[in-house]
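Note sheet for the following structure.
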Amino acid sequence: MTIRSLSIVTSASTITPQATVMEALQIMIDNRTNHVPVCDGECYVGLISVNDILQKLLPIGVWAPHGLPDLKFAGDASRLLVSHFSLLREKKVSEILNHARPLEENCPLLEAALLLSSSPTPLPVVNSSGKLLGMLSRRGLLEQLAKMAEK
Amino acid sequence: MHGMTPSATQVIFGLSPLLISVAVFAITYAIIITEKINRSIVALLGAGMMVFTGVLQQSEAFAGIDFNTLALLTGMMMLVAITQKSGVFQYVAIVAAKKVKADPWGLLVMLSIVTAVFSALLDNVTTVLLIAPVVLLITDALRINPYPYLFSIIFASNIGGTATLIGDPPNIMIGSAVGLTFNDFLFNLAPIAAVVFMLTLIPIYFIWGRTLHAAPEDREQVMAFDEREAITDVRLLKQSLFVLFLVILGFVFAHSIHQEPGTIAMFGGAMLLLLQALGKNPEEQAHETHKIYSEVEWITIFFFIGLFIVVAGIEKAGALDLLAKQLIELTDGDFNTTALTILWVSAIFSAIVDNIPFVATMIPVIQSMAPTFGAENLTTLWWSLALGACLGGNGSLVGASANLVVAGFAERAGQPIRFLPFMLMAFPLMLASIAVASIYLYLRYL
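This is the structure in structure tokens:
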């Protein structure tokens, strides 16, 4: 059984790589989602999520090996966060998107379950030519399994 | 070793051991310089070739490895891996920043001093790995260009590392091979390191320092940092500082208690591991201990092992004796000229290539100069080599591993340190420091 045969893929608003980070964030706020797939035409190129944006707002030292294990000592530092945000929102989506590996539409259900279990966001589903078909969420997959179990 | 000397027939195809060993050495070093293949792999392959071609027997190869150097490096790496978890490095950096009221120039001086002192007592790479994230956070909060700060901590770490036996790998190797003590290094190299450090700040002030400016609100943000919150584990902090203190005390008195620094560092590492493990169940102990071992930089350790064997190969074949004779001929057997030549050549070499293989090769070369200059006079040449190799690391971005670590941070911070612009500034500054070191050597020893 593949994810395509189950019609559990939901459609999603997309954004172009040239759009600004603020435009991407606005889509997430309006649609009450935490991610937007990035497409060049119909072709999937990556994903931008609230997490990608949040990570870029933090000081770089946090991500380094032996870096800063916590930031309690820096107080609320809202000036720093706001100043980072002002810079970040003008940047292009292409600069911070993540290249989450998409699921192929003929991906078997078990493989899809494995990949989703280790992904922080729903995963994009593409056809063999790379066209985005929609998104598959963990909840969507579990919902399908629940239905199947009832039969 | 079984006291066997290889006859020509023991070497592959009956070729001359000198020829084969020099070829293996040259190919190994050439591949290391290209940086296309991880240096530890190349060094180990080179070491294997020295044995397979019959230049060395396995026992001779193993005898060539300086286990004191390896033990000192590994022990210190373990100590730092545990200590850094306590947040003490962040604590010190924040206190330093607040002491100067987050004034940009004062901050640069303070963070450079902190880096230099830590680099003198710990490994340079670890020091900059711990300091650079805090530096970036503070410059970020002050909304000032981090470049001058990163440039200064590169210089501070290499200069600070020059000051002690344990500060920089060349010193560890020299001290271990020749039996120079922690105190020997401290008394002979720390004074000049301090002078070079202060002099280096002068051009940095004129290039960047006087134009650095931060808005009062941004400075307040840094003043609001609470250093006490940086300490994540008070018990660990006390244990780590206690053991580190004992280890450094051990280095100071190593000579009088007839112990080598390698034993002291390893024992300290094991002691801190024990303190950490106390009161935990076997599973937790295994997990924690494994984590600390995995933080040891094994690439560096295996690189050293391979290099020691490769150098043992050319040493046994007599190549280094020849090189030493050539060097003495070149300087007409004049001691002063030899000392200064070693200093300058080491500096320029170390700026361009890794100083560890260079020093590994130079140690036996200098040792074989003993018949010419007298063993008791060699000490001056060791200081030439140490000063050249350590300070030379400032000459370019690839001169020392710590430089590359800082460059990595800068890249992520969106302020990349480019090879040529860095060198245009750093190389003349490095040459100036070597000029100062020449004067020091001349006045004190020659």
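So the protein sequences, as listed, match chains A and B.
Just so it is clear: in the first sequence, position 1 is 1213 by the numbering used here, and no numbers are missing.
Just so it is clear: in the second sequence, position 338 is 330 by the numbering used here, and no numbers are missing.
The beta-carbon is built from N, C-alpha and C at its ideal position, and this holds for glycine as well.
Source: prediction; values computed, not measured.
Name the residue from the options whose alpha carbon lies nearest to the alpha carbon of residue i.
i	options	result
A:I1215	A:G1273, A:E1316, A:I1272 and A:G1287	A:E1316
B:H247	B:G171, B:F295 and B:I164	B:G171
B:F59	B:V106, B:T131 and B:I164	B:I164
B:V288	B:G271, B:M258, B:V47 and B:L383	B:M258
B:Y432	B:N386, B:L332, B:I306 and B:L10	B:L332
B:Y83	B:G46, B:T61, B:W97 and B:L122	B:L122
B:V120	B:L379, B:Q231 and B:G153	B:G153
B:I355	B:Y139, B:N369 and B:L312	B:L312
B:Q359	B:W97, B:F5 and B:S168	B:S168
B:L142	B:Y437, B:L423 and B:N386	B:N386
B:V351	B:Q407, B:R436, B:Y21 and B:G6	B:Y21
B:F110	B:Y139, B:I151 and B:K91	B:I151
B:T66	B:I256, B:I301, B:V87 and B:P96	B:I256
B:S338	B:K308, B:D346, B:T371 and B:A381	B:A381
B:A94	B:I74, B:L134, B:S342 and B:P161	B:L134
B:W290	B:K28, B:M70 and B:S13	B:M70
B:A35	B:F294, B:A278 and B:Y197	B:F294
B:A112	B:A186, B:N137 and B:V43	B:A186
Could you tell me if residue i is buried or exposed, where buried requires 16 or more neighbouring beta carbons within 10 angstroms of its beta carbon?
i	result
B:N116	buried
A:H1247	buried
A:S1225	exposed
B:A155	buried
B:V200	The question names Val, but residue 200 of chain B in the sequence shown is Trp. It counts as buried.
B:E403	exposed
B:R374	The displayed chain sequence assigns Trp, not Arg, to residue 374 of chain B. Answer is buried; the Cβ neighbour count reaches 16.
B:S393	buried
B:T203	exposed
B:I249	exposed
B:G366	exposed
A:M1360	exposed
B:L233	exposed
B:G46	buried
B:R31	buried
B:N180	buried
B:G254	buried
Just to confirm my understanding: we take residue i, look at its own chain, exclude 5 residues before and 5 after, and list those with CB closer than 8 Å. What are they?
i	result
A:K1343	E1254, C1255 and Y1256
A:Q1230	K1304, V1305 and S1306
B:A89	L99, M102, L103, I130, V214 and F217
B:G(-5)	Bear in mind that a pLDDT of 43 at B:G(-5), under 50, signals an unreliable position, so the number given afterwards is only what the model happens to contain. None.
Among the residues of its own chain, which have a CB less than 7 Å from the CB of residue i, if the five just before and after it don't count?
i	result
A:N1263	P1332
B:A399	L389 and I409
B:G79	A222, I223 and T224
B:I145	L103, S104, T107, V120, I123, A124, V127 and V398
Give the residues of chain B in contact with residue i, contact being defined as C-beta atoms less than 7 Å apart.
i	result
A:K1422	This structure gives no information on residue 1422 of chain A, because the portion of chain A shown stretches from 1213 to 1363.
A:S1295	R135
If I measure Cβ to Cβ from residue i and keep anything under 6 Å in the same chain, skipping five residues before and after, which residues do I get?
i	result
B:V72	L114 and T118
B:S425	V188 and L383
B:L11	none
B:M415	S388
Taking the alpha helix (DSSP H) that residue i falls in, what are its first and last residues?
i	result
A:C1319	Counting along the chain, A:C1319 falls outside any alpha helix (DSSP H), and DSSP gives it neither H nor E.
B:P349	N347 to Q359
B:V92	Run containing B:V92: none; DSSP gives neither H nor E here.
B:V428	F411 to R436
B:V337	F327 to I344
B:L373	L370 to G384
B:I23	P9 to T26
B:E403	S393 to R404
A:M1240	V1233 to N1243
B:D132	N116 to L134
B:L193	F174 to I199
What residue range does the beta strand (DSSP E) around residue i cover?
i	result
A:L1335	L1335 to V1338
B:I442	Since the first residue of chain B shown is -7 and the last is 438, residue 442 of chain B is not available in this structure.
A:D1252	H1247 to D1252
B:V72	Here B:V72 belongs to no beta strand (DSSP E); instead the alpha helix (DSSP H) covers F59 to T75.
B:V226	It is not in any beta strand (DSSP E) - B:V226 instead sits in the alpha helix (DSSP H) that spans V226 to F245.
A:V1262	First-last for A:V1262: V1262 to L1269, but that is the alpha helix (DSSP H), not the beta strand (DSSP E).
A:L1348	L1344 to L1348
Give me the chain A residues within the contact set of residue i, using Cβ-Cβ distance strictly less than 7 Å, ordered along the chain.
i	result
B:A206	Near B:A206 there are no residues of chain A at all, since even the closest Cβ is about 12 Å away, more than 7 Å.
B:T224	P1281 and D1282
B:D218	F1285 and G1287
So which residues of chain B does residue i contact, with C-beta pairs closer than 8 Å?
i	result
A:R1291	A133, E209, D210 and Q213
A:I1265	The contacting residues do not exist; A:I1265 stays about 16 Å from chain B at best.
For residue i, which residues in chain A fall below 8 Å Cβ to Cβ?
i	result
B:A405	I1272
B:L128	P1271, I1272 and G1273
Residues of chain E with CB closer than 8 Å to the CB of residue i, please, in chain order.
i	result
B:Q82	The chain labelled as chain E is not found among the protein chains of the depicted structure, namely A and B.
Given that residue i touches chain A, what residues does it touch there, using C-beta distances under 9 Å?
i	result
B:P96	Chain A residues near B:P96: none, gap ~16 Å exceeds 9 Å.
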